[in-house]
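Here's the structure we're looking at; comments come further down.
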Amino acid sequence: MLTRKQFELLSFIHERIKESGVSPSFDEMKGALDLKSKSGIHRLITALEERGFIRRLPHRARALEVVKLPDSAVPGARPMTGRARGGFSPSVVEGSVLRSPLRGRVASESEPASEYGGGIDVPVLGRIAAGTPIEALQNESSRIAVPRDLIASGEHYALEVVGDSMIEAGILEGDVVILQRVDTAGNGDIVVALVDDTEATLKRLRRRGQSIALEAANPAYETRIFGPDRVKVQGRLVGLMRRY
């Protein structure tokens, strides 16, 4: 079983090759799926290639070949009608660059499990800084199957880590962190913190009287102290996934 985005990309590639004999460019794929970054397309193509649905042809530009199609439609995938005469109707993804990583879609424990590893499909909503805060991305760039034992109750989402400020907590650049959507957290929890409604960062939260400290897990980074009205908790770390 493919995720919705994987199915939609596979369908788009298949219809475009059938129509023109040439696979679409990465820009065309990005536009068709309403993604804001080519990195999401790269991840989707890699996933389809690993599952045996497509293959890359060497020494040819725009060289993708559809090897097979899924036996059945993916639940939640949009029907292949409408756009560009290729029969593909992309899903609609809200917005572009965001201030809060939680305005995109999130997954709950009740969502259907993926067939791969018995996991629950969780949306990857962009990137989060483990270092100097950066703006997170709002749009769903892909989905990831998360083992059930990493999922707590409630809604969840995933973010890709950028930076090295949490390395002593075992969180490395390129890791995908799984977060439970909450607006409060315990002292010492690792959280997604939104600072001044503009910058999101992954840090350990400490309460110091009336102030909030965001602690790195790397001695090269200083602890940052804020008034309580400047920091909003956007999620609590419950798991981590890493590809070697």
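Residue numbers (the numbering used here): 2 to 245. Even glycine gets a Cβ: it sits at the ideal position worked out from N, Cα and C. Here the structure is a predicted model, which means the values were calculated and not measured.
> Could you check where the alpha helix (DSSP H) with Ala48 kicks off and where it finishes?
Replying inline: Looking at the DSSP string, the run of the alpha helix (DSSP H) that includes Ala48 is Lys39 to Glu51.
Notebook entry, point to check: Candidates Lys6, Ser12 and Ala159: which alpha carbon is nearest Leu180's?
Noted result: The shortest C-alpha separation from Leu180 is found at Ala159.
Exercise for review: Quickly, what does DSSP pair Ile273 with across the bridge? List them, please.
Suggested key: The chain is shown only over 2 to 245; residue 273 falls outside these bounds and no answer can be derived.
Problem set entry | Reduced DSSP category for Ser24 - H, G, I as helix; E, B as strand; rest coil | In the structure shown, Ser24 sits in coil (DSSP, three-state: anything other than H, G, I, E or B).
| query | Hey, would you say Asp190 sits closer than 7 Å to Leu206, going by beta carbons? | reply | Between Asp190 and Leu206, the CB-CB gap stays under 7 Å.
_Backbone CA spacing between His15 and Val67 [nearest angstrom]_ = Distance between the alpha carbons of His15 and Val67: 6 Å.
### Message
So, with DSSP's three-state summary, where would you put Pro71?
### Response
The answer is coil: DSSP assigns Pro71 none of H, G, I, E or B.
Residue burial classification, Val98 (beta-carbon count within 10 angstroms, cutoff 16): Residue confidence for Val98 is low, a pLDDT of 24 falling below 50, so the modelled location carries little weight; the figure read from the coordinates is stated next. Around the beta carbon of Val98, a 10 Å sphere encloses fewer than 16 other beta carbons of the protein chains shown; the residue is thus reported as exposed.
Legend entry - Best match in Leu195, Ser26, Gly164 and Met30 for proximity to Asn219 [C-alpha to C-alpha]: With distances taken between CA atoms, Asn219 lies nearest to Gly164 out of Leu195, Ser26, Gly164 and Met30.
- prompt: Do you know how far the Cα of Arg52 is from the Cα of Thr4?
  reply: The straight-line gap from Cα to Cα measures roughly 12 Å.
Checklist line | Among Tyr222, Gly187 and Phe227, the one whose alpha carbon lies nearest that of Asp198 | finding: Closest by C-alpha distance to Asp198, out of Tyr222, Gly187 and Phe227, is Phe227.
Using alpha carbons as the reference points, say which of Tyr245, Asn188, Asp184 and His157 lies closest to Val178. Measuring from the Cα of Val178, the nearest candidate turns out to be His157.
Handout entry: Length of the line joining the Cα atoms of Ala186 and Arg231
Key = Taking the straight line joining both Cα atoms gives about 15 Å.
Since Met242 is in the beta strand (DSSP E), which residue starts that stretch and which ends it? Where Met242 is concerned, the enclosing beta strand (DSSP E) stretches over Val232 to Met242.
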